[in-house]
Every structure is written in C-alpha cells, then in structure tokens.
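Heads up, the thing below is written out as structure tokens.
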Amino acid sequence: MLRFSAASRRSRVRLTLGCVLAVMACTSAAASAPPADGDRDRDFPMRIVAYVANSGSGSASAFDVRLERAVAAPAVGSGPTGVGAAPDGSHVYVANGLSDSVSFIETGSRRAVATVPVGSYPFSAFPSRDGRWVFAANWGSANVSVIDTASRRVVATPTVGELPHSVATLPDGTAYVTNSGSNNVTVLSRGHEPLAQIPVGDFPSGVVATTKGDRVYVANTGSGSISAIDTATRKVTATWPVGKAPLGLGLSPDGRRLYAADSAADVLLVIDTTTGGVLSQVPVGKTPQGVAVSPGGSRVWVTNEDSDTVSVIDPGLTKVRATLRTGNHPEGIAITPR
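So for the sequence shown, my numbering puts the first residue at 14; every next one is plus one.
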C-alpha cells in the first residue's frame, strides 16, 4: 500500500502541477464585525456549523457559522484532508489520509464516534444525497470505499482512475469521482459499479454537482480550467479557462454562481455558470483549498492551507468579512445543511 506523509503528499501535488499547492488554535481572529442580529437569525440558525479538516494537526475545526467563531476541535485520524456533511446534518465525515480511515463525527456532541478503515490515503469523504452511503476517494489505491452509514462498514470498493481526489453525488444515486492522475472522471452507478470514464482537463481535483443533478463542474487544477458535464449525456459540454490553478469548488443554491479556490493565485474566483466568465476575484489567504457555501448562499467559506486560516466571504459584496484561525494546514471544509 502506498503511504506518504502530508508534507510528502503536498510535495507530490506541487511537482505534478508545477505550482504551489500545498498545535490546533481554537481562537478565531475576525477581520470584521459579525453579522447583524437580524441577518444571523434569518440566515444562520444556531445549529449550522462549518467543519474544517486540518491535515497538519490531526483535528477538525468546528465553527459556529452564525457567530463566526470556533466552538470545538474534535480529534480525528492522522493527516485529515477531506470532509463531508450528512444531508440531515447529524454527522460529518472526515477522510484521514495518513490513517487510511474515515472518522464519523456526531454533530450533536461534536466528537468522533466511529472510525472506519478504508483504502490507501483517502483524500475525500462525501455522502450520497439520501445519506445512506459515504464515498471515500482513496488517492493511494485508485479506488473508492463505499461506506454504509448505518452499519459503518465498507460494502463496496469499485476501481476508478489514478489518484482519485474528490466525489460529487447526484439525486439518482450516481457518483462522479475526479481522477487527478488519469485526467478523467469516473461515473459510479447507484449500485456502485463504474459506468463511464469522462475525459476532462489536467489534474482534475474539486467537483460539485447542481441541486437537480443535471450538471457537474470539475476543477482542472493543472490546466487552469473548469469542465462542465451534462449528466444526461455524460459528456463535457464546455471548458472554461479560469485563473491559474482552480482547486476546491462550491456552488450557489440556485446554481448561477460557481466558486473556485485558485490555489496558485490566492483568490476565490466567482464564475457565471451561464457564460463561464469570471465575474470577480476575491483575495483570500495563502494556497486556498476547500470551498463551502452556507445553506442560504449568503456566505462562502474558503480554507487557506498555508495561512492556517479560513476566509468568510460575503458573495453579494464579493469581499472577505472575517478571517478565522484554524489548525495546521486546513484543507477540506463542509457546512452542515440544517
């Protein structure tokens, strides 16, 4: 089995891309005032929490989205990179790259309640739309571990492409897996079998699907572009040149705006999904990685791996409203949906 340290993995990514990609501090440093009480009550119920995977700390940072402050730092496995939230908000799943496992965090207690062994170097962990499954993309073993969330056991391990990075799931039960090493996307069936391989750009990494599941967007980090995939035909319908090295992706609830962390330019790109044009670039921290959008779409959170921070952005004003301290080398991020 392929094993390597978080620092070594970052070096491999830097070498592959030819550009910069890359103890827990629970206090947060706000760059601006918190939202007004009316905004907080309307957009951010108290139970909405953002979870960040700190690859250098072996922990997850939990932030109250309404108050924009740290509330917990649950311990997970070694080298955590990816994080996903259950559709019902009951659990968060953290991919532990150096432990070859996925941690189940109970959001009520904000503690890890289970650890599930998976393949080699899981890079991300993302749930199905119905919450029944969690898909762990195993970077080191070129496969995906499908975890039954009820039994907390792996029930399938389909082979995908080389260096699988991230997963997006659709309402019909299919899953789209980006393969950074083979420059394609594997489509997995509802029964977790490979259905298709879709060629995309160089070093595909982040991936996100629309709420309806009619389109999937892929960040091609190595070629500085976004691939738009029609899920009915499973073909790329557009390739948009954007920034230098787009990595993590997020989507507005209405699907009109795509948010991409440009890991080489230290900005968040705001992209019009109708035209593919970049509407604005918001400066963030060093080497931005993960992107998460609040349930109502009024905030975008971006992890900054080499700044050990997360930027909270108001997409309406296209500016950073707060910068919060995380653990060491934050990468993946997810916000609980309710």
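Glycine included, each C-beta is placed from N, C-alpha and C at the ideal position.
DSSP on residue i, reduced to helix/strand/coil?
i, result
"residue 156", "strand"
"residue 206", "coil"
"residue 196", "coil"
"residue 117", "strand"
"residue 41", "With a pLDDT of 33 at residue 41, under the threshold of 50, the modelled position of that residue is not reliable, and no figure is offered here."
"residue 100", "coil"
"residue 61", "coil"
"residue 216", "coil"
"residue 111", "coil"
"residue 257", "coil"
"residue 245", "coil"
"residue 299", "coil"
"residue 290", "coil"
"residue 225", "coil"
"residue 334", "strand"
"residue 67", "strand"
"residue 93", "strand"
"residue 189", "strand"
"residue 237", "coil"
"residue 126", "strand"
"residue 343", "strand"
"residue 275", "strand"
"residue 349", "coil"
"residue 285", "strand"
"residue 179", "strand"
"residue 269", "coil"
"residue 82", "strand"
Considering only residues of the same chain and omitting the five flanking positions on each side of residue i, which have a CB-CB separation below 6 Å?
i, result
"residue 134", "110, 152 and 153"
"residue 249", "240 and 242"
"residue 252", "238 and 240"
"residue 315", "274, 281, 297, 301, 304 and 324"
"residue 170", "156 and 158"
"residue 265", "310"
"residue 123", "75, 85 and 87"
Output the distance between the C-alpha atoms of residue i and residue j, rounded to the nearest integer angstrom.
i, j, result
"residue 310", "residue 331", "13 Å"
"residue 127", "residue 303", "24 Å"
"residue 146", "residue 327", "32 Å"
"residue 234", "residue 282", "13 Å"
"residue 149", "residue 320", "26 Å"
"residue 186", "residue 339", "33 Å"
"residue 294", "residue 279", "9 Å"
"residue 224", "residue 181", "11 Å"
"residue 65", "residue 345", "6 Å"
"residue 333", "residue 241", "27 Å"
"residue 236", "residue 178", "16 Å"
"residue 220", "residue 232", "6 Å"
"residue 343", "residue 277", "16 Å"
"residue 229", "residue 222", "4 Å"
"residue 259", "residue 212", "17 Å"
"residue 291", "residue 218", "19 Å"
"residue 299", "residue 205", "37 Å"
"residue 257", "residue 164", "42 Å"
Buried or exposed: which applies to residue i, given that a residue is buried once 16 or more other Cβ atoms fall within 10 Å of its Cβ?
i, result
"residue 254", "exposed"
"residue 140", "buried"
"residue 285", "exposed"
"residue 203", "exposed"
"residue 324", "buried"
"residue 245", "exposed"
"residue 198", "buried"
"residue 335", "buried"
"residue 288", "exposed"
"residue 95", "buried"
"residue 69", "buried"
"residue 168", "exposed"
"residue 329", "exposed"
"residue 99", "buried"
To which residues of the same chain is residue i closer than 8 Å at the C-beta, ignoring the five residues directly before and after it?
i, result
"residue 172", "155, 156 and 207"
"residue 227", "243, 244 and 245"
Below 7 Å CB to CB, which residues in the same chain sit around residue i once its five sequence neighbours on both sides are set aside?
i, result
"residue 55", "Bear in mind that the predicted position of residue 55 carries a pLDDT of just 44, short of 50, making it unreliable; the figure below should be weighed with that in mind. The answer is none, since no qualifying residue turns up."
"residue 194", "174, 175 and 176"
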